[in-house]
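Notes for the one structure printed next.
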Amino acid sequence: MSIAAKFEIEYLQYLDQDGKETGKELPEFAKDLDHMVELYKLMVSTRVFDAKSIALQRTGKLGTYASCLGHEAAHVGIGSAMRREDSLAVSYREYGAQLYRGVKPREVYTYWGGDERGNDFADAPAHDFAWCVPIGTQCLHAAGSALAFKIRNEPRVAVCTIGDGGSSKGDFYGAINVAGAQQLPLVAVIVNNQWAISVPRRIQSGSGTLAQKGIAAGLYCIQVDGNDIIAVRKAMEDALERARSGQGGSVIEAVTYRLGDHTTADDARRYRGEQEVKDAWERDPVPRLRKWLEAKGKWDDAKEEAWKAECDDWMDNEVNAYLETKNQPATAMFDYLYAELPADLEKQRELVASLDRK
Amino acid sequence: MAQITLIEAVTQALAYEMRNDDSVVVLGEDVGVNGGVFRATQGLQEQFGDMRVIDTPLDEGTIAGLTVGLAAQGMKPVAEAQFEGFIYPMMEHIACHAARMRNRTRGRITVPAVWRAPWGGGIRAPEHHSEANEHLFTNIPGLRVVMPSSPARAYGLLLAAIRDPDPVIFFEPKRIYRQYKEEVPDDGEALPLDVCFVLRDGTDVTLVTWGAQVKECLEAADELAQKGISAEVIDVATLTPLDFDTIAESVTKTGRCVIVHEAPKTAGFGAEIAARLSEECLYSLLAPVERVTGFDTHIPLFRLEMKYLPSVERIVEAAERTLAAS
Chain A
768 MSIAAKFEIE YLQYLDQDGK ETGKELPEFA KDLDHMVELY KLMVSTRVFD AKSIALQRTG
828 KLGTYASCLG HEAAHVGIGS AMRREDSLAV SYREYGAQLY RGVKPREVYT YWGGDERGND
888 FADAPAHDFA WCVPIGTQCL HAAGSALAFK IRNEPRVAVC TIGDGGSSKG DFYGAINVAG
948 AQQLPLVAVI VNNQWAISVP RRIQSGSGTL AQKGIAAGLY CIQVDGNDII AVRKAMEDAL
1008 ERARSGQGGS VIEAVTYRLG DHTTADDARR YRGEQEVKDA WERDPVPRLR KWLEAKGKWD
1068 DAKEEAWKAE CDDWMDNEVN AYLETKNQPA TAMFDYLYAE LPADLEKQRE LVASLDRK
Chain B
30 MAQITLIEAV TQALAYEMRN DDSVVVLGED VGVNGGVFRA TQGLQEQFGD MRVIDTPLDE
90 GTIAGLTVGL AAQGMKPVAE AQFEGFIYPM MEHIACHAAR MRNRTRGRIT VPAVWRAPWG
150 GGIRAPEHHS EANEHLFTNI PGLRVVMPSS PARAYGLLLA AIRDPDPVIF FEPKRIYRQY
210 KEEVPDDGEA LPLDVCFVLR DGTDVTLVTW GAQVKECLEA ADELAQKGIS AEVIDVATLT
270 PLDFDTIAES VTKTGRCVIV HEAPKTAGFG AEIAARLSEE CLYSLLAPVE RVTGFDTHIP
330 LFRLEMKYLP SVERIVEAAE RTLAAS
């Protein structure tokens, strides 16, 4: 028999679910324990932020909200590997990556609180895309960004994140396909949290791993333990370096678990068993890194308590800023539609202004 | 000065703007070596290289999504949909992203992109190559929908579309791609995107149209003139945002209006113009507004397509009905 093609997918893990090293030599960044403490702290603050968001929604102060519970290692791992000049195109729950890049909790609250101004990031890179609800389309926006970087010969990389469900969309395939054909600096990260609302991973695809979808596109592909931030960060660093140096794009599958509901409008008890969720909590990324840092003598209960208190203050401050934000005038719906309001829309705008004054 | 066709005017505008603005890139299927299936991008790859005239994989969704990404990062992409009947996979990126990016980010990210598509019937093309579907785009806020009807307007309006800071759908009536030539100076002068063009002055009836039907309307106006009826002809050119004032002014003067378009009648863009006339010009009307359009059917395959498209005869009859009414 002659073989036309064959492939393998590397699986990367440095820390097991108990926070013990698997024996693989740690990458350079992980030897900087102070840096690892910073990453841990952002994972914790992301979780505190997330809990606050859900509390806001449950008390009627926020609209529907998509939680990131359980994804902290994957998201912070992605965000912390990128440079500021790289561009990030997310779906809608990658807060850990976005907070690292300067998106403020109050901006997230503002967006899910029904106000477009949440998408107008004050401190995060202006070239990062806004939340992308339609599923999958952000992959092509990242590919287009990567094409712009390539045309202008800029050493920048476009990163997109997508879920296991999203990786079924044509836009995901289109993005990795063109990235391979044009050798684009694109890193596509599939954050596989096992559930697309109620539809499990096995119904999404017959592909053995989701990472291998990139093989057919001609991209470098790897699967990592998405609850091990060292693995996610390392795979990201390698992929970013390859892309930046003109060696093409990558697909990274970060295997994790959606510990919460899809959104606050969802009830996951309708479609998945308690035991599965219980088992998933055993793989929780946050205590895993904490145990490792504790074993290294870099973290303890007192520090945990102090940092959580600091996070509480931070989020309270963000929540207050959000709650104090006054509504935009109703005419705002016209004011960003075009660079200049077309004359034909002035009457409609005047009508809205007059209704708003009533 | 050489005389050029409408499609040559498209090429001339693309080349002019690519020479003068490095951020302008062209992408689509077969736009490179082949110069596009209608030759709109003829010679451009040779001139500007394959990083500015980009043959994409054969996936319209990919082209549209790349276009949004390119524009969001400061490029001015001009994407080609090979035919308007293949534009549907692009619509999610146009409607959900390009058209609303400025608004949803409060101006932080904008999409200064153009989607060009050969449009309409009458060239004996295969199935799915002859649609008139501009009305599917005129209902999307945040877009400009533009359709030239002459070589000069193709040049000037395409330059304006590329320079516009917001997304533009640029439909090119392929039936008149090579219908006639005219002098079009390559002077980089854009035409305004916020006005209708009055192509012929008249006093008895206003013919409102766009795209390939401009030709039929001008011919109808000639025939009507022989019958002693003075018809004004308006090329809408930019459908949205609409310059309704020019139409209203004309209809207020003539008291009669015939709207002509290729697309199906129901909820076609003519319905919007008729509604606006009833809202804003009712007391100036001397006769019911007439619409001469494609039918509420699919455009037939090419043996019957000319039976579907508005004809000079139908336009003249409709105009005469408005005269007979008062």
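Just so you know, the protein sequences line up as chains A and B, in that order. The first sequence: position 304 = 1071 (my numbering), numbered continuously. The second sequence: position 257 = 286 (my numbering), numbered continuously. Ideal Cβ placement from N, Cα and C applies to all residues, glycine included. Here the structure is a predicted model, which is why all the values come from computation and not from measurement.
- Within the same chain, Cβ atoms closer than 7 Å to the Cβ of A/A891 are found at Q865, R868, G869 and V870, the five residues on either side in sequence being excluded.
- Of all alpha-carbon atoms in B/G217, B/C246, B/D216 and B/A183, the one lying nearest the alpha-carbon of B/A266 is that of B/A183.
- Within the segment 178-191 of chain B, not one residue has a Cβ closer than 8 Å to any Cβ of chain A.
- In the DSSP assignment, A/P872 falls within the unbroken alpha helix (DSSP H) covering P872 to W879.
- Contact between A/C899 and A/A856 holds: CB atoms are separated by about 7 Å, below the 8 Å threshold.
- DSSP places B/C125 within a helical segment (H, G or I) once states are collapsed to three.
- For A/D931 against A/T904, the beta-carbon gap comes to about 17 Å, at or over 8 Å, which does not count as contact.
- Shown in chain order are the members of the segment 1103-1125 of chain A whose Cβ falls below 8 Å from a Cβ of chain B: Y1103, L1104, Y1105, A1106, P1109, A1110, D1111 and L1112.
- Per DSSP, the continuous beta strand (DSSP E) segment holding B/K105 begins and ends at K105 to E109.
- With a threshold of 7 Å between beta carbons, B/Q76 makes no contact with chain A.
- Going by beta carbons, A/G947 and A/G975 fall outside the 7 Å limit.
- Look at A/R1039 here: in three-state DSSP terms it is coil, with no helix or strand label.
- Secondary structure of B/G57 (DSSP, three-state): strand.
- Take the alpha-carbon of B/P293 and the one of B/G114: they are about 14 Å apart.
- Taking 7 Å as the cut-off, the beta carbon of B/V143 is found closer than this to the beta carbon of B/F199.
- Taking A/N886 as reference, the option from B/R131, B/R229 and B/A146 with the minimal CA-CA separation is B/R131.
- Rounded to the nearest angstrom, the Cβ distance from A/G837 to A/T1023 is 6 Å, consistent with a contact under 8 Å.
- For B/F273, the residues of chain A that pass the 8 Å Cβ criterion are D1111, in the order they occur in the chain.
- Apart from sequence neighbours up to five positions away, the residues of its chain that approach A/I821 with a beta-carbon distance below 7 Å are Y832, S834 and T1031, ordered along the chain.
- Taking 3 residues as the minimum length, the beta strand (DSSP E) runs contained wholly in the segment 956-1022 of chain A are 987-992 and 1017-1022, in order along the chain.
- At a cut-off of 7 Å between C-beta atoms, B/T134 counts as an interface residue with respect to chain A.
- Taking the Cβ atoms as the reference, A/E1049 lies roughly 6 Å from A/Q784, within the contact range of under 8 Å.
- Against A/E883, the close residues of chain B are N132, R133, T134 and R135, in the order they occur along the chain (beta-carbon pairs closer than 9 Å).
- Cβ proximity to chain A below 8 Å picks out D223 from the segment 220-253 of chain B.
- In this chain, the alpha helix (DSSP H) harbouring B/T283 covers F273 to T283.
- At a Cβ-Cβ threshold of 7 Å, B/T96 and B/A108 count as neighbours.
- Against chain A, a Cβ distance below 8 Å from B/C310 picks out nothing, because the smallest value is about 15 Å.
- At a cut-off of 7 Å between C-beta atoms, A/D938 counts as an interface residue with respect to chain B.
- Here B/T267 is bridged, per DSSP, to B/V175.
- DSSP places B/H290 in the uninterrupted beta strand (DSSP E) bounded by C286 to P293.
- It is roughly 14 Å from the alpha-carbon of A/R850 to the alpha-carbon of A/C927.
- For the pair A/R1039 and A/A942, the Cα-to-Cα distance works out to about 31 Å.
- Shortest Cα-Cα distance from A/I929 to any of A/I845, A/P922 and A/A893 involves A/I845.
- The closest CA to that of B/G297, considering only B/W239, B/V262, B/K282 and B/R285, is found on B/W239.
- Under the 7 Å criterion on CB atoms, A/I902 is classed as non-interfacial with respect to chain B.
- Chain B has no Cβ within less than 7 Å of the Cβ of A/V1018.
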